[in-house]
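Asker: Here it is: the structure, laid out below.
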């Protein structure tokens, strides 16, 4: 394997005549060389991180302050990816998603910047993605095709009740961003965040909604939209970031030759205005919608927020993040606990809001009442004063520092490439004309903070920034029944009045525009335009499947052989240990109690220590311990699952004895009799129930799947609608004895040595010490025979519509093809790409105006289709019904098929962090899926043809014949289409 020669790369960069090299330094923490450059001709800013990582990243960003809340920056972010000078196809972004090996591909609008990041491990693919993105931002088709603005931003339509053009129809508003932001403004937590910035930064661009306020988006003109691009999307206002083991000089030369050199320097006034101090504390009240069935009592938000800054001081920047954890986020955190103990709200959250030039620190109490505002402020002020005077718990601060340092060193960002996250982090200083490496050099930052703990540094932060700061906004947000319906009706009346005032010619123009837009959306891009988008060939893809590596073992302790699965992965000295207790014995009621138990453990006192000191202990000695309920497919049987209660941990090698001791303490000595604490935990979980709406696509899909799939019924029972209903039904004053009895009984049945499997992810060096100290842990567990009878979960077809105060909908269909005698095939992976980015995309997003849509197919036979932030219900279901005909009549050339094959492989070959690679090994252990099964699937994907897609029609017909549907969304829209459902009900209890 060729070693990436960083010094050789640096020497090549120095020889580039079109750039000035401003700085070259090492970042030891990232094993990287940082090179900061400026393009000579345009003064474009360049930041390159050279490192031996093949998951290469490119990002181009622009400083884009918002002057109003029309969402112009957001609409432009969508629109530039809809065709460009060199790549005139209508949606190159979708073509790239379908046909590239990208590991990340997106665009993001922030309050003061818009960024376009891509990532790929394939160098040829990386070049293709980079070129399409550069062409998109500098030469978009928005100047020649106004329909892009209409589609992605907003437009009037003259349509009938089915969404078809109708000269005598109603005038409605539609647009992808318009509907996306209606969804965003349907979340009370999101509305509060916007209300806070609107109050704190009134008169400043940060006080505007860069994503767009749905009430204001329709005031944006096409001319102002184009002005935004011509002003800000210029190399002289650009920030270009490159990361990885690429030929960096070659990439920079190409960027210059093909794009930057074509422009002259231009002064762009994009500097973020200085945030003016407030003259005095501000107070504002806002309203948010709830349904008629919801209670207005104990539903108010109380929020205290103060400007603190620190964006360009890396010690303060990290110090405030740690202070947030100490004051609010950690179990038993003093500020959070003081508010909970005072009965002010059922959940407390907040912290350091950074990523803008002047960050702020906030504290919010959720589910309170307006008459508690004075007490809320008094508790915050009194608690902060006491902590500043008497001092914070020094061990808790050290534990918090350890948490953040562990995360920084681990650099595990899940599915996001770490190079991407480093780049986004660099903008937190770079955008404000400071060193882009500032927040990446964490070694000295953590050392400084650790050294300052005993010197009162964190108490000084409280004293200097949080106490008696006049730059403070007190924001309250009160619930209002029927506010969504009221606003919907006002909009209908406004549009009806608008229609009545239009002349025949004006009405005709809206009708003609509606027809023209729908025609534009229905017509595919020309073959000539599509051929211009660069594409890999199937020969660029490896034909060999990579199987996860794991070894089965056992450890004998207490005369018992405990099963062990070892995923042999290099983890840089971290042992990811997972204790899995089989809970196949549990019935549906018991599963819900076990789901509650996993919320309680670690957040309640044990016999030895309080839950606050327990959290400090955990954070001082590990990267964290968490609890979860998980389902695993088993024994190569697509519809057979096993369920586990899991304890998940990450520790440095050598910490195993400590881990066994602390896990034993939590599992066997937690004080489940603590009624008050359990009441607080349940209230806190219920306070976060809005996630079921903000992630409504997953809520609806899980619920629809629960009608037929035991796996998804388990998920619904443990974190979905059924779990919510269970928590809402608990009356602790009447039922606590029963609850305590159930939790105690299930703890004994679950935490039994005969139920246990240990999974460890580490190399051989770490594995040698994996079982050090296991004896005391094993001795603490129950030893009785494990239940040998597997409980059976009973599914039931319900077909429900759940009404909420949301302005948009999430509509899901579900079915299972294995139940109809069909077998899983790799062809379904290719069809998923085609559905998600062709048929569903064009009909639900492009024409229908929804923000998103997707399809899922699994080995178990589960198949589902779902929409996201969708203005429709019945029309979307009708589109799902057309999937069979789409497959039956499918035709595509070799290029289109290759594109979809590459898209499918991209999803299969996404780079994995050590932890995720190890977890793949655990899934393989349970599922017993063999190498030949995986190889067969890969070959089916690589060899997928048109005919293979058409052959799926009977399978899809079987899926849709199950007639399973669930929707979560707008109460009026679901009521309008209630014939689709067996039952329509409110999602949330009174």
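Residue numbers (the UniProt record's numbering): 1 to 990. Yeah, the Cβ is synthetic: ideal placement off N, Cα and C, and Gly gets one too.
1) Is residue 547 helix, strand or coil by DSSP?
2) Please list, in chain order, all residues of the same chain as residue 78 whose beta carbon is under 7 Å from its beta carbon, the five residues on each side excluded.
3) Check the C-beta distance from residue 887 over to residue 953 and give it rounded, since I have them as a contact under 8 Å.
4) How many Å lie between residue 380 and residue 374 at the Cα?
5) Where does residue 306 fall in DSSP's three states?
6) In chain order, what residues of the same chain lie with their CB nearer than 7 Å to the CB of residue 892, ignoring the 5 residues before and after it?
7) Go through its chain and collect everything with a Cβ distance to residue 978's Cβ below 7 Å, but skip five positions before and after it.
8) Starting from residue 880, trace the alpha helix (DSSP H) both ways and give me its first and last residue.
9) Tell me, to the nearest whole angstrom, how far the beta carbon of residue 173 is from that of residue 154; I am working on the premise that it is less than 8 Å.
10) Do residue 191 and residue 303 have their C-beta atoms closer together than 7 Å?
11) Assuming residue 288 and residue 479 form a contact by the criterion Cβ under 8 Å, report the distance between their Cβ atoms to the nearest whole angstrom.
12) May I ask you to list the residues that DSSP assigns as paired with residue 565?
13) Following the continuous beta strand (DSSP E) through residue 969, name the residue where it begins and the one where it ends.
14) From residue 415 to residue 215, what does the alpha carbon distance come to, in whole angstroms?
15) Is the beta carbon of residue 791 less than 7 Å from the beta carbon of residue 582?
16) Alpha carbon to alpha carbon, how far is residue 508 from residue 501?
17) Let me confirm a value: residue 558 is counted as buried when at least 16 other C-beta atoms fall within 10 Å, else exposed. Which label applies?
18) Could you tell me which residues DSSP pairs with residue 284 in its beta bridges?
19) Check residue 660 in the structure and name its three-state DSSP category.
20) Whole alpha helix (DSSP H) runs in the stretch 110-172 with 4 or more residues, listed along the chain?
21) Let me know the secondary structure DSSP gives residue 318 once reduced to three states.
22) On a CA-only basis, which of 896, 835 and 209 is nearest residue 99? Give me that one, please.
23) Ignore the nearest five residues each way along the sequence and tell me which others in residue 660's own chain have a CB closer than 6 Å to its CB.
24) Confirm, please, whether the CB-CB distance from residue 550 to residue 567 is below 7 Å.
25) Using only the alpha-carbon positions, how far apart do residue 808 and residue 874 sit?
26) What do you reckon, is the C-beta of residue 654 under 6 Å from a heavy atom of the ligand SAM?
27) Residue 209 and residue 368 - do their beta-carbons sit closer together than 7 Å?
28) Is the Cβ-Cβ distance between residue 55 and residue 911 less than 7 Å?
29) Just the Cα atoms here: how many angstroms apart are residue 991 and residue 93?
30) Output the distance between the C-alpha atoms of residue 618 and residue 406, rounded to the nearest integer angstrom.
31) I'd like to know whether the C-beta atoms of residue 117 and residue 431 end up nearer to each other than 7 Å.
32) DSSP state of residue 366, grouped into three classes?
33) Is the stretch 428-446 touching the stretch 299-317, taking contact as three or more C-beta pairs under 8 Å?
34) Looking at the strands, I want to know which residues DSSP matches up with residue 702.
35) Can you tell me which of the three DSSP states residue 438 falls into?
36) Alpha carbon to alpha carbon, how far is residue 970 from residue 484?
Answerer: In short:
1) coil
2) Closer than 7 Å at the Cβ level, and outside the excluded window around residue 78, lie 152, 176 and 177.
3) 4 Å
4) 10 Å
5) strand
6) 946
7) 801 and 984
8) 874-881
9) 6 Å
10) no
11) 6 Å
12) In DSSP, residue 565 forms a bridge with 552 and 759.
13) 964-970 is the span of the beta strand (DSSP E), which, as asked, contains residue 969.
14) Going by the C-alpha atoms only, they are around 35 Å apart.
15) The beta carbons of residue 791 and residue 582 sit no closer together than 7 Å.
16) Between residue 508 and residue 501, the C-alpha separation is close to 13 Å.
17) exposed
18) Under DSSP, residue 284 shares a beta bridge with 475.
19) helix
20) 123-138 and 146-152
21) helix
22) 896
23) 773, 774 and 777
24) yes
25) 13 Å
26) Inclusion of the ligand SAM in the displayed structure is not the case, the ligand content being empty and no account of it being possible.
27) no
28) yes
29) Outside the displayed range of the chain (1 to 990) lies residue 991, so it cannot be described from this structure.
30) 12 Å
31) no
32) Strand, per DSSP.
33) yes
34) Paired residues: none, contrary to the question.
35) coil
36) 8 Å
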